[in-house]
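Line by line, the protein sequences give chains C and H.
Each residue of the first sequence is one higher than the one before, counting from 1 in my numbering.
Each residue of the second sequence is one higher than the one before, counting from 1 in my numbering.
The beta carbon of each residue, even a glycine, is placed where N, CA and C say it ideally should be.
This structure is a prediction, so every number in the text was calculated from the model and none was measured.
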Amino acid sequence: MSVPLTLLGLLEREPSHGYDLKRDYDAYFGRGKPLPFGQVYATLARLSRDGKVLAGETEPGSGPDRKRYAITDLGVSEVEAWLTEPVEAEPHLQTVLFVKVTLSLMLGRNAERYLDIQRGAHLRRMRELTELKQAGSLVDALLADHGLFHLEADLRWMDMTAARLAALAEVVHP
Amino acid sequence: MTAASLSAMPAPRGCLIEARNVVLSFGQTPALRGASVSVSAGEILAVMGPSGSGKSTLLHCLAGILIPGSGEVWFDGRRVDTLGEAERSALRRDRFGFVFQFGQLVPELTAEENVALPLLFSGLRRAAALADARAWFGRLGLDGLEQRRSGELSGGEAQRVALARGLVARPEVLFADEPTGSLDSLTGEHVMKLLTAAAREQGTTVILVTHEPRVAAYANREVVVRDGKVTTLSPERVTS
Numbered sequence: 001m002s003v004p005l006t007l008l009g010l011l012e013r014e015p016s017h018g019y020d021l022k023r024d025y026d027a028y029f030g031r032g033k034p035l036p037f038g039q040v041y042a043t044l045a046r047l048s049r050d051g052k053v054l055a056g057e058t059e060p061g062s063g064p065d066r067k068r069y070a071i072t073d074l075g076v077s078e079v080e081a082w083l084t085e086p087v088e089a090e091p092h093l094q095t096v097l098f099v100k101v102t103l104s105l106m107l108g109r110n111a112e113r114y115l116d117i118q119r120g121a122h123l124r125r126m127r128e129l130t131e132l133k134q135a136g137s138l139v140d141a142l143l144a145d146h147g148l149f150h151l152e153a154d155l156r157w158m159d160m161t162a163a164r165l166a167a168l169a170e171v172v173h174p
Numbered sequence: 001m002t003a004a005s006l007s008a009m010p011a012p013r014g015c016l017i018e019a020r021n022v023v024l025s026f027g028q029t030p031a032l033r034g035a036s037v038s039v040s041a042g043e044i045l046a047v048m049g050p051s052g053s054g055k056s057t058l059l060h061c062l063a064g065i066l067i068p069g070s071g072e073v074w075f076d077g078r079r080v081d082t083l084g085e086a087e088r089s090a091l092r093r094d095r096f097g098f099v100f101q102f103g104q105l106v107p108e109l110t111a112e113e114n115v116a117l118p119l120l121f122s123g124l125r126r127a128a129a130l131a132d133a134r135a136w137f138g139r140l141g142l143d144g145l146e147q148r149r150s151g152e153l154s155g156g157e158a159q160r161v162a163l164a165r166g167l168v169a170r171p172e173v174l175f176a177d178e179p180t181g182s183l184d185s186l187t188g189e190h191v192m193k194l195l196t197a198a199a200r201e202q203g204t205t206v207i208l209v210t211h212e213p214r215v216a217a218y219a220n221r222e223v224v225v226r227d228g229k230v231t232t233l234s235p236e237r238v239t240s
């Protein structure tokens, strides 16, 4: 997750105070990992230095958050370019799951049992995400779906691997 | 453990329906090779496993549709596999509900008549049965579709009608065999939400056969049928 570009994107809606940006970031993107205030202001200072935002005059009143930030044309082009760029499709070729299965077979341990225990753990997490999806907002549901589809992909891989354990054992433990 | 000692064992506390060491073959082809599973009252159990593993056969044995070659099936403290066809039929009609992959609605009947069928079979008068059936249409988002025939319903609508038919008689156990298997992800999810919400509200026990992890995630617990035997995935629940 790119924090500077996300904050810049939030600023494209309307000029905002750092506090408002943090609140919206946490509500939509910060599940379980709220953005520290320090990081918000440090990021805004960098964006301002680079000409992507303009910091307004300090407004009268108490508290640290008395500047309103506005996005510049340079900032808008940066957000626009970022939103059309694909994220790298990572193949996850070196997974811990793969290492555990292969090592189990090399050591003559019960790889099938490990896969079952792992399937159980994946399904437990899928149940939690399904509950979250039913209880939460549409934003929660979409995030939960992202997790559910990835866990399901792992489970499919585990099914295929379980079906090929004997062949894999011959390769790694001749 | 012998069959005699198994049948003498009391059912686990809270257990409503159970298969004990069930063996069943279709001709020379073994389908179940000593499958055991126990389901508590009010529980939603997902039965998973690859195609041909025996999960639907296990469901049919638990529902009293198929009789095992050996082993036992218990429901609410009674042996099911030793009952005659008429008694098993009465059990299925009065205490069980069913939802299958393709809905299997009766094409000549309207949607509301399809939903009312279990009530009509139980001897309820037509007007009362249809009134009870209609109450399900609003509940499952099917308002206005009461008079449609199955050919005039989308896949998701037909499956919700089938779900209403499975639950209308307030069964103690709902057997659902791949209830979302013919639906796209979003429609399938809608059906599963409705199924689990209605079952929890009524206290209905659900035995859900599925090969899809995202469907199984709606259950309280899952077991896997593999080569005709039942395995639990969590280490603390290993049964075979």
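### Query
Bridge partners of cysteine 61 (chain H), per DSSP?
Here cysteine 61 (chain H) is not bridged, per DSSP, to any residue.
### Task
Note down, in chain order, all residues in the segment 216-237 of chain H with a beta-carbon under 7 Å from any beta-carbon belonging to chain C.
Here the close residues are Ala216, Ala217, Tyr218, Glu222, Thr231, Leu233, Ser234 and Pro235.
### Message
Which of the three DSSP states is assigned to isoleucine 44 (chain H) in this structure?
### Response
strand
### Message
Counting only C-beta atoms, is glycine 33 (chain H) closer than 9 Å to chain C at any point?
### Response
It is worth fixing the name first, because residue 33 (chain H) is arginine in this sequence and not glycine. Not closer than 9 Å to any Cβ of chain C, the Cβ of arginine 33 (chain H) fails to qualify, so no.
### Message
Buried or exposed, going by whether 16 or more other CB atoms sit within 10 Å of the CB of proline 173 (chain C)?
### Response
In the sequence as displayed, the identity of residue 173 (chain C) is histidine instead of proline. Exposed, since its Cβ has fewer than 16 Cβ neighbours within 10 Å.
#### Entry: Reduced DSSP category for threonine 231 (chain H) - H, G, I as helix; E, B as strand; rest coil
strand
#### Entry: Cα-Cα separation between aspartate 81 (chain H) and arginine 124 (chain C), rounded to whole angstroms
33 Å
#### Entry: Helix, strand or coil at alanine 217 (chain H) [DSSP, three-state]
Correct three-state label for alanine 217 (chain H): coil.
### Query
Hey, how far is the Cα of alanine 197 (chain H) from the Cα of proline 171 (chain H)?
15 Å
### Query
Could you give the residue range of the alpha helix (DSSP H) that holds isoleucine 117 (chain C)?
111-135
### Query
Quick one: is aspartate 73 (chain C) near chain H, going by C-beta distance under 9 Å?
No, no contact with chain H.
### Query
For the segment 54-78 of chain C, which segments carrying the beta strand (DSSP E) assignment without a break, of at least 3 residues, lie completely within its bounds, in sequence order?
68-71
### Task
Check whether the Cβ atoms of arginine 92 (chain H) and glycine 228 (chain H) lie closer than 9 Å to each other.
no
#### Entry: arginine 31 (chain C) in three-state terms, based on DSSP
coil
### Query
What residues from chain H crowd round threonine 130 (chain C), counting only those whose CB sits closer than 8 Å?
Arg214, Ala217 and Tyr218
### Message
For a quick check, are the C-beta atoms of threonine 161 (chain C) and alanine 144 (chain C) less than 9 Å apart?
### Response
For the pair threonine 161 (chain C) and alanine 144 (chain C), the CB atoms are not nearer than the 9 Å cut-off.
### Message
Measuring straight from C-alpha to C-alpha, what distance separates glycine 153 (chain H) and threonine 110 (chain H)?
### Response
What sits at residue 153 (chain H) in the sequence shown is leucine, not glycine. For leucine 153 (chain H) and threonine 110 (chain H), the distance between alpha carbons rounds to 10 Å.
#### Entry: Beta-bridge partners of alanine 129 (chain H), as assigned by DSSP
BP columns for alanine 129 (chain H) are empty, so no partner.
### Query
What's the C-alpha gap between tyrosine 28 (chain C) and proline 36 (chain C)?
15 Å
### Query
Is it buried or exposed for valine 173 (chain H), if we count other Cβ within 10 angstroms and need 16 for buried?
buried
### Query
Smallest Cα separation from alanine 129 (chain H): which of H:Ala199, H:Gln202 and H:Ala169?
H:Ala169
#### Entry: Cross-chain neighbours of leucine 148 (chain C) in chain H, by beta carbon under 9 Å
Ordered by position in chain H, the residues that pass the 9 Å Cβ test against leucine 148 (chain C) are Pro213, Arg214 and Ala217.
### Task
Could you spell out the range, first to last residue, of the alpha helix (DSSP H) harbouring arginine 95 (chain H)?
85-95
### Beta-carbon proximity of tyrosine 69 (chain C) to leucine 83 (chain C), cut-off 9 Å
no
### Query
Measuring CB to CB, does arginine 79 (chain H) end up less than 9 Å from glutamate 85 (chain H)?
no
### Query
Would valine 76 (chain C) pass as a contact of glutamate 12 (chain C) if the rule is Cβ separation under 9 Å?
yes
### Task
Kindly indicate which three-state DSSP category threonine 161 (chain C) falls into: helix, strand or coil?
helix
### Query
Pick from H:Val115, H:Gly123 and H:Leu58: whose alpha carbon is nearest that of leucine 145 (chain H)?
H:Val115
#### Entry: 6 Å Cβ shell around leucine 140 (chain H) - same chain, five flanking residues per side excluded
Arg160, Ala164 and Leu194
### Message
Let me confirm a value: leucine 74 (chain C) is counted as buried when at least 16 other C-beta atoms fall within 10 Å, else exposed. Which label applies?
### Response
exposed
### Query
If you draw a straight line from the alpha carbon of histidine 92 (chain C) to that of alanine 46 (chain H), how long is it in whole angstroms?
29 Å
### Task
With 8 Å as the limit, tell me which residues of the segment 173-195 of chain H have their beta carbon closer than that to any beta carbon of chain C; keep them in chain order.
Closer than 8 Å at the C-beta level to chain C, one finds these residues of the segment 173-195 of chain H: Lys193.
### Query
Do the segment 35-42 of chain H and the segment 203-215 of chain H make contact, defined as three or more Cβ pairs closer than 8 Å?
Proximity of the segment 35-42 of chain H to the segment 203-215 of chain H meets the contact definition, three or more beta-carbon pairs being nearer than 8 Å.
### Query
What is the C-beta distance between phenylalanine 175 (chain H) and alanine 63 (chain H), in whole angstroms, given that I count them as a contact (C-beta under 8 Å)?
5 Å
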